[in-house]
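Enquirer: My questions will all concern the structure given below.
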Amino acid sequence: MDQLLVPVGMTVVVLCVISVLLCVVSMTFSWGVKRPRPKEYTLDQRWDRNPQLFSATEIEPMTLARHASPGDTEGGSASGKW
Numbered sequence: 007m008d009q010l011l012v013p014v015g016m017t018v019v020v021l022c023v024i025s026v027l028l029c030v031v032s033m034t035f036s037w038g039v040k041r042p043r044p045k046e047y048t049l050d051q052r053w054d055r056n057p058q059l060f061s062a063t064e065i066e067p068m069t070l071a072r073h074a075s076p077g078d079t080e081g082g083s084a085s086g087k088w
């Protein structure tokens with residue numbers, strides 16, 4: 007088992023160094039890439055998308071235990087002119 011420690015360790019180190027170098031090279035050559043910019047929204051424009059409302063109780067890891075009152079943990083709804 008001790009005979010494999012150095013070859014496996016060196017292989018991992020070499021692969022890590024190669025991956026870091028490839029990342030640096032890819033970042034170096036990506037500076038000239040032009041990406042499309044999203045159109046800027048201003049308040050005078052009509053908003054044509056549906057509203058997205060999320061309740062804290064819809065997200066499983068964020069649900070609270072029942073140590074608080076139900077009004078504190080249950081999500082509500084919003085209405086109005088969007």
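First residue of the sequence shown: 7, per my numbering; consecutive thereafter.
Where is the CB? At the ideal position from N, CA and C, for every residue including glycine.
1. Keeping to the same chain, check which residues put their C-beta closer than 7 angstroms to that of Val26; ignore five residues upstream and five downstream.
2. From Val39 to Ser32, what does the alpha carbon distance come to, in whole angstroms?
3. Grouping DSSP H, G and I as helix and E and B as strand, with all else coil, what is Val39?
4. Whole angstroms are fine: how far does the CA of Pro42 sit from the CA of Asp2?
Expert: Taking the coordinates as given:
1. Residue mapping note: residue 26 aligns to position 20 of the sequence shown, counting from 1. Taken in chain order, the list of residues that qualify is empty.
2. By one-based count along the sequence shown, residue 39 stands at place 33. By one-based count along the sequence shown, residue 32 stands at place 26. Near 11 angstroms, if we compare the C-alpha coordinates of Ser32 and Val39.
3. Position 33 of the sequence shown, counted from the start, is the residue given in the question as residue 39. Reduced to three states, the DSSP call for Val39 is coil.
4. Coverage of the chain is limited to positions 7 through 88, which leaves residue 2 absent and any answer about it impossible.
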